[in-house]
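Residue numbers (UniProt numbering): 1 to 218. For each residue, glycine too, the CB sits at the ideal point set by N, CA and C. Working notes, structure below.
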């Protein structure tokens, strides 16, 4: 039975890696749409977000099927629930990318990012992609050391978020309330995206520890 459980959990893990790669690519494309006012790319992000939602439901179904089919031990049940939590974080990341894409569409054909903020959002998109890339590797390899390193990238995103508000709240800000609201919302999307990437990495570490504990007890 333990081997069967680990085989089922490995299947779920494969789907989570697929979701993570998709969540990364979705934000990359959303950032491109945002910075280039690319209507086509923004629409594609929204379509891809729906596909990631389907993957999330697939993970849920597999986990609940696993729970229903097997009498899980006290360490096995938390491991399966952690997999659902990882999937929820990944789905939320894709939703945040969709929010970025929709922000781009709302202002199209005008850019959604004020010229004064383009440099900041370019950097924020790069940091978000770096976090997502590491998150994918953590999920694929269960690398606890790499997971710990995501905190530094998250700190970098937080610093960019604070700089964004410093620019928009400056007495020299020339573009008024509407542009500042757009900037604040977009900044929040990127900041939360980074937080969820860190959540995924931390949950993978928990999952790995639980899995090792299960194996050692059998």
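Check, Outcome
"Would residue 198 be called buried (16 or more neighbouring beta carbons within 10 Å of its own) or exposed?", "buried"
"As a quick exercise: from 87, 188, 110 and 132, pick the residue whose alpha carbon is nearest that of residue 34.", "110"
"To the nearest angstrom, report how far apart residue 26 and residue 72 are at their CA atoms.", "35 Å"
"In terms of residue numbering, what span does the alpha helix (DSSP H) encompassing residue 78 cover?", "76-107"
"Can you say whether residue 216 is buried or exposed, counting buried as having 16 or more other CB atoms within 10 angstroms of its CB?", "Note that residue 216 scores 48 on pLDDT, short of 50, meaning its location in the model is unreliable; the coordinates nonetheless yield the value given after this. Result: exposed."
"Using a threshold of 9 Å, state whether the C-beta atoms of residue 127 and residue 190 are closer than that.", "yes"
"Fully enclosed by the UniProt domain \"PhoU\" (122-204), which alpha helix (DSSP H) runs are 4 residues long or longer?", "144-168"
"Just to confirm the assignment, what range does the alpha helix (DSSP H) spanning residue 51 have?", "39-69"
"Out of curiosity, what's the CA-to-CA distance linking residue 64 and residue 29?", "32 Å"
"Leaving out five residues on either side along the sequence, give the residues of the same chain with a beta carbon under 7 Å from the beta carbon of residue 118.", "35"
"Are there 16 or more other CB atoms within 10 angstroms of the CB of residue 86, so buried, or fewer, so exposed?", "buried"
"Since residue 142 contacts residue 59 with CB under 8 Å, what's their CB separation in whole angstroms?", "Wrong, their Cβ atoms sit about 17 Å apart, outside the cutoff."
"Taking 8 Å as the cut-off, does the region 90-109 touch the region 161-172 (at least 3 CB pairs, one atom from each stretch)?", "no"
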